[in-house]
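Engineer: Got a structure for you, questions after.
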Amino acid sequence: MTTKKNKTVSLVLGSGGARGLAHIGVIHWLEENDFKIESISGCSMGALVGGIFAAGKLDDFESWIKSTTKLDIIKSLDLSWKKSGLVKGDKIINTLTELVGDKIIEDLPITYTAVATDIFNGKEVWINSGKIFDAIRASISLPLFFTPFRYEGVDLIDGGVLNPVPIAPTFSDVTDFTIAVNLCGKVNYEEKIMVSNQSKTSHSTSFTEKISEFVESIKVSTGNDINNDWGAYDIAHQAFDVMQGTIARQKLAAYPADHVLEISRNACGILEFDRASEMIELGYKIAQENLSKIH
Numbered sequence: 001m002t003t004k005k006n007k008t009v010s011l012v013l014g015s016g017g018a019r020g021l022a023h024i025g026v027i028h029w030l031e032e033n034d035f036k037i038e039s040i041s042g043c044s045m046g047a048l049v050g051g052i053f054a055a056g057k058l059d060d061f062e063s064w065i066k067s068t069t070k071l072d073i074i075k076s077l078d079l080s081w082k083k084s085g086l087v088k089g090d091k092i093i094n095t096l097t098e099l100v101g102d103k104i105i106e107d108l109p110i111t112y113t114a115v116a117t118d119i120f121n122g123k124e125v126w127i128n129s130g131k132i133f134d135a136i137r138a139s140i141s142l143p144l145f146f147t148p149f150r151y152e153g154v155d156l157i158d159g160g161v162l163n164p165v166p167i168a169p170t171f172s173d174v175t176d177f178t179i180a181v182n183l184c185g186k187v188n189y190e191e192k193i194m195v196s197n198q199s200k201t202s203h204s205t206s207f208t209e210k211i212s213e214f215v216e217s218i219k220v221s222t223g224n225d226i227n228n229d230w231g232a233y234d235i236a237h238q239a240f241d242v243m244q245g246t247i248a249r250q251k252l253a254a255y256p257a258d259h260v261l262e263i264s265r266n267a268c269g270i271l272e273f274d275r276a277s278e279m280i281e282l283g284y285k286i287a288q289e290n291l292s293k294i295h
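In terms of the working numbering, the sequence shown has 34 at position 34, counting the first letter as 1, and numbering is strictly consecutive.
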């Protein structure tokens with residue numbers, strides 16, 4: 001009797017904020033359909049989801065993020081009061097470390113690389129050793145939102161600034177397929193209409209409004225003068241998305257993966273982590289539609 005051999009995969013998980021929760025759905029589909037993930041290269045949210053998967057704690061993270069509300073997310077924000085970024089990020093990283101454990105990359109059962117950006121020298125930094133949450137914190141440092149992360153004497157920010165879909169770290173892998181997930185795909189106008197209709201019928205306060213209220217309350221209690229123009233942050237985040245989309249297309253054209261899964265950049269906002277179940281389901285659906293033929 002012949003034993004069925006799983007197809008091996010190098011998985012490249014892209015940058016895109018809360019849309020990166022779709023990575024969880026992609027991973028679930030791959031595992032359910034006998035694909036073995038042997039390597040992960042991740043950027044920003046892709047580095048976070050990929051690292052937690054490599055640490056064997058994805059199910060725990062999924063349960064946690066699905067139960068997380070807008071208010072929970074707001075409470076996890078530790079304001080920095082610095083011009084380099086609104087949030088320090090220590091609080092959320094400490095929460096995730098408690099959930100996952102303080103893992104070392106070299107001890108993980110699969111190859112893992114987190115990609116960040118050296119803002120001073122304008123180059124990519126591949127982190128594939130040391131504490132996994134140091135690598136993740138560096139990679140998720142969204143400009144204007146998170147403060148840069150000091151790593152080995154260098155200030156690092158979000159890897160998506162230079163490479164939102166980091167395929168290059170997988171070039172030396174010996175696997176059957178390289179599968180890349182791009183979270184900055186073309187705008188899906190049907191999705192845009194659906195999201196617009198949801199916002200019209202929703203009675204809940206938007207995420208940015210809730211953060212704004214939170215910042216305002218701290219501003220009053222501390223006397224700090226905080227720029228509360230969240231419209232400017234929204235524009236900056238949208239601009240970052242557009243930039244990442246353009247860079248991703250160029251990178252994928254130069255270094256094509258065997259299979260590319262596209263999540264439209266308007267599937268959800270960068271900070272809409274309360275839509276976890278929806279994004280995970282979307283990732284699973286996109287994987288099913290695009291990868292079932294190679295199974």
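The beta-carbon is built from N, C-alpha and C at its ideal position, and this holds for glycine as well. All values reported here derive from a predicted model rather than from experimental measurement.
#1: Can you name the start and end residues of the beta strand (DSSP E) that A114 belongs to?
#2: Does DSSP put L265 in a helix, a strand or coil?
#3: Looking only at its own chain, which residues have a Cβ that is under 7 Å from the Cβ of N128, when we skip the five neighbours before and after it?
#4: With DSSP collapsed to three states, give me the class of D155.
#5: With H, G and I counted as helix, E and B as strand and the rest as coil, what does DSSP make of S41?
#6: Please find out if some non-hydrogen atom of the ligand HEM comes closer than 7 Å to the beta-carbon of L21.
#7: If I measure Cβ to Cβ from I52 and keep anything under 7 Å in the same chain, skipping five residues before and after, which residues do I get?
#8: Under the three-state reduction of DSSP, which class applies to L108: helix, strand or coil?
#9: In the DSSP output, which residue or residues are listed as bridge partners for N182?
#10: Specify, as a first and last residue, the run of the alpha helix (DSSP H) that I140 falls within.
#11: Assuming F240 and I73 are in contact, meaning their beta carbons sit under 8 Å apart, how far apart are those beta carbons, in whole angstroms?
#12: DSSP three-state label for L291, please.
#13: Output needed for A276: all residues of its chain with C-beta closer than 6 Å, excluding positions within five of it in sequence on either side, in chain order.
#14: Using C-beta distances below 7 Å, list every residue in its chain close to V220, excluding the 5 sequence neighbours before and after it, in chain order.
#15: When burial is assigned at 16 or more other CB atoms within 10 Å of the CB, is V12 buried or exposed?
#16: In three-state terms, what does DSSP make of S63?
#17: Give the single residue among D34, G14, D176 and I27 whose Cα lies nearest to the Cα of V115.
#18: Going by DSSP in three states, V93 sits in which element: helix, strand or coil?
#19: Taking just the CA atoms, how far does A18 sit from I270?
#20: Look up H203 in the DSSP assignment and say whether it is helix, strand or coil.
#21: Can you give me the Cβ contacts of E278 inside the same chain, cut-off strictly under 8 Å, excluding the 5 residues immediately before and after it?
#22: Pull up the DSSP beta-bridge partners for W29, would you.
#23: Is it true that the CB of S39 sits closer than 8 Å to the CB of D173?
#24: Using 8 Å as the cut-off, can you tell me whether the stretch 149–168 makes contact with the stretch 249–257, which would need three or more C-beta pairs spanning the two stretches below that distance?
#25: Could you tell me the boundaries of the beta strand (DSSP E) in which L13 lies?
#26: Enumerate in chain order the residues of its own chain whose CB-to-CB distance from L77 is below 6 Å, with the five nearest sequence positions on each side excluded.
#27: For N224, count neighbouring Cβ atoms within 10 angstroms of its own Cβ and tell me buried if that reaches 16, exposed if not.
#28: So what does K131 bridge to, in DSSP terms?
Structural biologist: By the coordinates alone:
#1: Indexing the sequence shown from 1 puts residue 114 at position 114. Its beta strand (DSSP E) spans residues T111 to D118.
#2: Locating residue 265 in the sequence shown gives position 265, counting from the first residue. Per the sequence presented here, residue 265 reads as Arg, with Leu not at that position. The answer is coil: DSSP assigns R265 none of H, G, I, E or B.
#3: Working through the sequence shown from its first residue, we reach residue 128 at position 128. Cβ neighbours of N128 beyond the five flanking positions: I105, Y112 and T113.
#4: Sequence index remark: in the sequence shown, residue 155 carries index 155 (1-based). Residue state, collapsed to three classes: strand.
#5: For the purposes of this step, residue 41 is taken as the residue at position 41 of the sequence shown. In this structure, S41 counts as strand in the three-state DSSP scheme.
#6: Only the bare structure without any ligand can be found here, which leaves the ligand HEM out of the picture.
#7: Numbered from its first residue, the sequence shown carries residue 52 at position 52. L58, F61 and V100, listed in sequence order.
#8: Position 108 of the sequence shown, counting from 1, holds the residue named residue 108. Residue state, collapsed to three classes: coil.
#9: What you label residue 182 is simply residue 182 of the sequence shown in a count that begins at 1. Beta-bridge pairing links N182 to E262.
#10: Here residue 140 is taken as the residue at index 140 of the sequence shown, counted from 1. Note, I140: premise wrong, no alpha helix (DSSP H); not H, not E.
#11: For this step, residue 240 is matched to residue 240 along the sequence shown. For this step, residue 73 is matched to residue 73 along the sequence shown. No, F240 and I73 are not in contact; Cβ-Cβ is about 19 Å, not under 8 Å.
#12: What you label residue 291 is simply residue 291 of the sequence shown in a count that begins at 1. Note: L291 maps to helix in three-state DSSP.
#13: Start at 1 with the first residue of the sequence shown, and residue 276 comes out as number 276. Contacts found: L21, I65 and K66.
#14: Stepping through the sequence shown from its first residue, residue 220 is reached at position 220. With a pLDDT of 42 at V220, under the threshold of 50, the modelled position of this residue cannot be trusted; read the value that follows with caution. So the list is empty, once near-sequence residues are dropped.
#15: Residue numbering aside, residue 12 sits at position 12 when the sequence shown is read from its first letter. Flag for V12 reads buried.
#16: Walking along the sequence shown from the start, residue 63 turns up at place 63. Helix.
#17: As a first step, residue 115 is located in the sequence shown; it is residue number 115 there, counting from the start. For V115, the nearest C-alpha among the options comes from G14.
#18: Stepping through the sequence shown from its first residue, residue 93 is reached at position 93. Checking the displayed sequence, the identity of residue 93 turns out to be Ile instead of Val. Correct three-state label for I93: helix.
#19: Locating residue 270 in the sequence shown gives position 270, where the first residue counts as 1. Locating residue 18 in the sequence shown gives position 18, where the first residue counts as 1. If you take the alpha carbons of I270 and A18, they lie about 5 Å apart.
#20: Here residue 203 corresponds to residue number 203 of the sequence shown, with the count starting at 1. In this prediction, H203 has a pLDDT of 39, which is less than 50 and means its spatial position is unreliable; what the coordinates show is noted afterwards. In the structure shown, H203 sits in coil (DSSP, three-state: anything other than H, G, I, E or B).
#21: The residue you call residue 278 lines up with position 278 of the sequence shown. Contacts found: C268.
#22: As a first step, residue 29 is located in the sequence shown; it is residue number 29 there, counting from the start. Its beta-bridge partners do not exist; DSSP assigns none.
#23: Within the sequence shown, residue 173 is the residue found at index 173, counting from 1. Within the sequence shown, residue 39 is the residue found at index 39, counting from 1. Their beta carbons are under 8 Å apart, which means D173 touches S39 by this criterion.
#24: yes
#25: What you label residue 13 is simply residue 13 of the sequence shown in a count that begins at 1. Here the beta strand (DSSP E) through L13 covers K7 to L13.
#26: Reading the sequence shown from its first residue, position 77 is the one you call residue 77. Closer than 6 Å at the Cβ level, and outside the excluded window around L77, lie V87.
#27: Working through the sequence shown from its first residue, we reach residue 224 at position 224. Because the pLDDT at N224 is just 45, under 50, the model does not fix this residue reliably, and the point stays unresolved.
#28: If you number the sequence shown from 1, residue 131 lands on position 131. Answer is I104, bridged to K131.
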